[in-house]
Every structure is written in structure tokens, then in C-alpha cells.
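Protein sequence lines correspond, in order, to chains D and X. Throughout, the numbering used here is defined as the position within the first sequence, counted from one, plus 18. Throughout, the numbering used here is defined as the position within the second sequence, counted from one, plus 95. Beta carbons: idealized from backbone N, C-alpha and C, even for Gly.
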Amino acid sequence: LKEKHKILHQLLQNSTSPVDL
Amino acid sequence: PEAADLRALARHLYEAYLKYFPLTKAKARAILSGKTGDNAPFVIHDMKSLMEGEQFINCRQIPILEHQQQTSALTLGHGGITAAHPGSEYGIMGMTSIGDQGPTDAVELRFFQSCQSRSAEAVREVTEFAKSIPGFINLDLNDQVTLLKYGVIEVLIIMMSPLMNKDGTLISYGQIFMTREFLKSLRKPFCQMMEPKFEFSVKFNTLELDDSDMALFLAVIILSGDRPGLLNVKPIEQLQETVLHSLELQLKLSHPDSLQLFAKLLQKMTDLRQIVTDHVHLIQLLKKTEVDMCLHPLLQEIMKDLY
């Protein structure tokens, strides 16, 4: 599932640092 | 000791809520009830005021909160209303095009694009809040994705409720009030996007939850063990049960005269699922009918195969 939801996965894995949405 | 643990959990989630969500219910209700003195929101009630609102927002100092500074790159860097604060505070419209060419439509276009940008940012905020729920980050990573995929739009709708009253909604971090009639005057199907959320919010607001109640309720929504495709339900249900106990105790303490408030709140979760289902179907309809429709990649991920 996480393969199909890469951005969500990235948000979950990263800390509070900015993510390029 | 158990009650003390439940109170500690409530405090922890309230602190996380204050940390990650920029406009609290307390602030929003102060703005809506005119208790903020000279800082009354600019009112958008027609196309002319929509364009003026864009100017208004560009000329005002942006109140970036301390905890937002590290993420400001996410919300800045686009034109128009987006540049100040993208669209609806907890916008869930998910659209980028609203019609033909022309100066008026250009403003509309920017507005709806900003709704998507703000929605994506709101998803990030909800994700951070979810990660602060004790035990959440220890769940199977696939299950964390599933809980967010299915829970995040429900959370956003709950977060929008304090910003709304029967006449309209606050947007742009409470700097603008957009009337319900104006949103209803947009062409189909855009005019159908927000009306169900107003109907829900007006009823939800009669429960008179405060921000600390909201924090616990949002955690309960996120920790729903019946989301499709979950791999390991038991630990999720165990976490939710603890938060439910904390919410029940919180409501007894903070609303002693409000009978059956806990039960009434849980019933709202059923209504929420229907609103989200209808919302996603509307977005799917938009994708088919609007040639220029382009969904934000994060919103695409969430809505794909959702319902």
C-alpha cells in the first residue's frame, strides 16, 4: 500500500521538516 | 491512577493539537462573534469582493505562527490568495478549474487552486498530529497509511466546523469570511461542494465541543479499526479504546450537564463517512467533466480507490 501512497508515506516517515508538496 | 493516565493523554493530545493546527476553535469563534476588535475579517460575498479579497490578502501582514515558520515554504510561493494563505483554512475542495477564460474566472481559478494547496498542507498537519498519538508510529507502516488515507478528509471536515456558521465560513487563517450564499451561487457542480459541509457543521457546532474535546475526537477518528485493508486491527482498536475512555472522561468533566454527549459525538462518525463518500464522488465527477481539472498529487493518492 505504501508504494501507491508515496507522498503520504513520505509525510509519515519524515519528521516535521518541510516536504515539497 | 487510570483516570490520571487518561487525563495525561487528553493533555498530550491537546498540546499536539495546538502545536499542529494553526487556527483553534477558540480563535475562530472569537473572530466569528466579532470579539477581535478592529481585526474583523474581510467579507467575500460576490465576484467583485472575491477580487477585492485577493487584493486585501496581498496587502496584509501574514500572521505566520511560530510553529509554522519551518513549514512556510509549503504555503508560500504562489500567486493571489494562495500567496497569503491558500484557500479554505481546511479546504477540501480539490479542484483547479472553474470555467472559461476572463478576468473574473481567473480569480476564481486561483481561488480553487489555492483550496487544493491548502488541503495538501492541512493533510501534512493532520499527519503530524496523527504521529503524536501515543502508539501510532509503532503501528505497521502500511496501516498508518491506511488510517490516514481514510481518516484525513473526515478530520478536515471536523476541523472546518468551528470556522463555519450558518451564514458562511472563515478562510485564510480567519482573515476572510466567505458567505454561504456566494459559494451556493457558483456554477454546478462547484456550488454543491460546500453546502453538505455547512449542513453538517451547523449541527455539529450545537454540541459545543472545545478545542481539548476536539483533539481527542480527531484521534478517535484517525484510530478507526474498521478501515478497509488494515493488516493488524487489534493494536489500532486498543489504542482507540484508550482514547475513547479519555474522551468519555473529558466530556463528563467539561460538559457535566450535556446528557449523552459522548454517544451523540460517536454518532457523528457515521454522518462523516457519508459526507466523505459524497465528496469523493463529486471530485470524481469533476475529473470527468472539467477538462482542465488537475488534482494535487497528494489528494489524488488519498482519493484514489477510496470509496
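1. Relative to the C-alpha of X:I397, which candidate in X:R219, X:L101, X:R282, X:L278 has its C-alpha closest?
2. Go ahead and label X:R205 buried or exposed: buried means 16 or more other beta carbons lie within 10 angstroms of its beta carbon, across all protein chains shown.
3. Which of the three DSSP states is assigned to X:G324 in this structure?
4. Which whole-angstrom value describes the C-beta separation of X:G246 and X:S319, a residue pair presumed to lie in contact below a C-beta threshold of 8 Å?
5. Could you check the C-alpha separation between X:A125 and X:Y115 for me, to the nearest Å?
6. Following the continuous beta strand (DSSP E) through X:I228, name the residue where it begins and the one where it ends.
7. Determine which residues of the region 296-327 of chain X have a Cβ less than 7 Å from any Cβ of chain D, and write them out in chain order.
8. I'd like to know if X:P117 contacts chain D, where contact means its C-beta is closer than 8 Å to some C-beta of that chain.
9. With distances taken from CA atoms, which of X:M309, X:S128, X:L251, X:D238 is nearest D:E21?
10. Report buried or exposed for X:P323, applying the criterion of at least 16 other Cβ atoms within 10 angstroms of its Cβ.
11. Check whether chain D comes within 8 Å of X:P330, counting only Cβ atoms and requiring the distance to be less than that.
12. Run through chain D and tell me which residues come within less than 7 Å of X:P392, C-beta to C-beta.
13. Contact between the region 99-116 of chain X and the region 267-282 of chain X: three or more CB pairs below 8 Å?
14. For X:Q239, return the contacting residues in chain D, with the cut-off set at a CB-CB distance below 7 Å.
15. Looking only at its chain, what residues have a beta carbon closer than 7 Å to the beta carbon of X:K120, apart from the 5 residues adjacent to it on each side?
16. Between X:L243 and chain D, is there a C-beta pair that is closer than 8 Å?
17. Along chain D, which residues have their Cβ under 8 Å away from the Cβ of X:E396?
18. Who are the Cβ neighbours of X:Q327 in its own chain at under 8 Å, not counting the five residues just before and after it?
19. In the DSSP assignment, find the unbroken beta strand (DSSP E) run with X:F274 in it and report its ends.
20. Per the DSSP calculation, X:G129 is bridged to which residue(s)?
21. Decide if X:P351 is buried, meaning its Cβ has at least 16 other Cβ atoms within 10 Å, or exposed.
22. Does X:E442 pass the burial test, meaning 16 or more other C-beta atoms within 10 Å, or should it be called exposed?
23. Using a Cβ-Cβ distance cut-off of 8 Å, determine whether X:L236 contacts chain D.
24. Looking at the unbroken beta strand (DSSP E) that takes in X:I139, where does it start and where does it end?
25. Could you name the residues that DSSP lists as bridge partners for X:G263?
26. For X:F151, decide whether its Cβ has a neighbour in chain D, counting only Cβ atoms nearer than 8 Å.
27. Using a beta-carbon distance below 8 Å, is X:K226 in contact with chain D?
28. Pick helix, strand or coil for X:R205, following the three-state DSSP scheme.
This is what the structure gives:
1. Along the second sequence, one-based indexing puts residue 397 of chain X at 302. Comparing Cα positions, the closest option is X:R219.
2. By one-based count along the second sequence, residue 205 of chain X stands at place 110. Note on X:R205: 16 or more other CB atoms within 10 angstroms of its CB, so buried under the neighbour-count rule.
3. As a position in the second sequence, residue 324 of chain X is number 229, starting the count at 1. Coil.
4. The count along the second sequence starts at 1 and reaches residue 246 of chain X at position 151. The count along the second sequence starts at 1 and reaches residue 319 of chain X at position 224. Contact flag correct, Cβ pair sits at about 6 Å.
5. Sequence index remark: in the second sequence, residue 125 of chain X carries index 30 (1-based). Sequence index remark: in the second sequence, residue 115 of chain X carries index 20 (1-based). Those two C-alpha atoms are separated by around 20 Å.
6. As a first step, residue 228 of chain X must be located in the second sequence, where it is residue number 133. Unbroken run through X:I228: none, as it is neither H nor E.
7. Within the region 296-327 of chain X, G324 place their CB atoms closer than 7 Å to a CB of chain D, listed in sequence order.
8. Here residue 117 of chain X refers to the residue found at position 22 when the second sequence is read from its first residue. Closer than 8 Å to the CB of X:P117 there is not a single CB belonging to chain D.
9. On the first sequence, position 3 is the one that residue 21 of chain D refers to. Looking from the CA of D:E21, the closest CA among X:M309, X:S128, X:L251, X:D238 belongs to X:D238.
10. One-based indexing of the second sequence puts residue 323 of chain X at position 228. X:P323 comes out exposed.
11. In the second sequence, counting from the first residue as 1, residue 330 of chain X sits at position 235. It does not: the Cβ of X:P330 has no partner Cβ on chain D nearer than 8 Å.
12. As a first step, residue 392 of chain X must be located in the second sequence, where it is residue number 297. Those within 7 Å of X:P392 in chain D are I25.
13. Touching, no.
14. Counting from one through the second sequence, the residue named residue 239 of chain X turns up at place 144. By Cβ distance, chain D contributes L30.
15. Locating residue 120 of chain X in the second sequence gives position 25, counting from the first residue. Closer than 7 Å at Cβ, skipping near neighbours: P257, D305, D306, M309.
16. Along the second sequence, read from residue 1 onward, the residue named residue 243 of chain X stands at position 148. Closer than 8 Å: yes.
17. Counted from its first residue, the second sequence places residue 396 of chain X at position 301. Here the neighbours are K22, H23, K24, I25, L26.
18. As a working mapping, residue 327 of chain X is identified with position 232 in the second sequence. According to the sequence provided, residue 327 of chain X is Asn. The question's Gln does not apply to it. Correct list, in chain order: L234, D235, D238.
19. If you number the second sequence from 1, residue 274 of chain X lands on position 179. Residue identity differs from the one stated: residue 274 of chain X is Thr in this sequence, not Phe. First-last of the beta strand (DSSP E) with X:T274: 271-274.
20. Counted from its first residue, the second sequence places residue 129 of chain X at position 34. Beta-bridge pairing links X:G129 to no other residue.
21. In the second sequence, the residue the question calls residue 351 of chain X occupies position 256. With fewer than 16 other Cβ atoms inside 10 Å of its own Cβ, X:P351 counts as exposed.
22. Because chain X in this structure spans residues 96 to 402, residue 442 of chain X falls outside the shown range and cannot be described.
23. Position 141 of the second sequence, counting from 1, holds the residue named residue 236 of chain X. Yes, contact with chain D.
24. Looking up residue 139 of chain X in the second sequence gives position 44. X:I139 -> beta strand (DSSP E) spans 137-139.
25. Taking the first residue of the second sequence as 1, we reach residue 263 of chain X at position 168. X:G263 pairs with X:N260, X:T274.
26. Locating residue 151 of chain X in the second sequence gives position 56, counting from the first residue. No, X:F151 lies away from the interface with chain D (no Cβ there is under 8 Å from its Cβ).
27. Here residue 226 of chain X refers to the residue found at position 131 when the second sequence is read from its first residue. At least one chain D Cβ lies under 8 Å of X:K226.
28. Indexing the second sequence from 1 puts residue 205 of chain X at position 110. Of the three classes helix, strand and coil, the one that applies to X:R205 here is helix, per DSSP.
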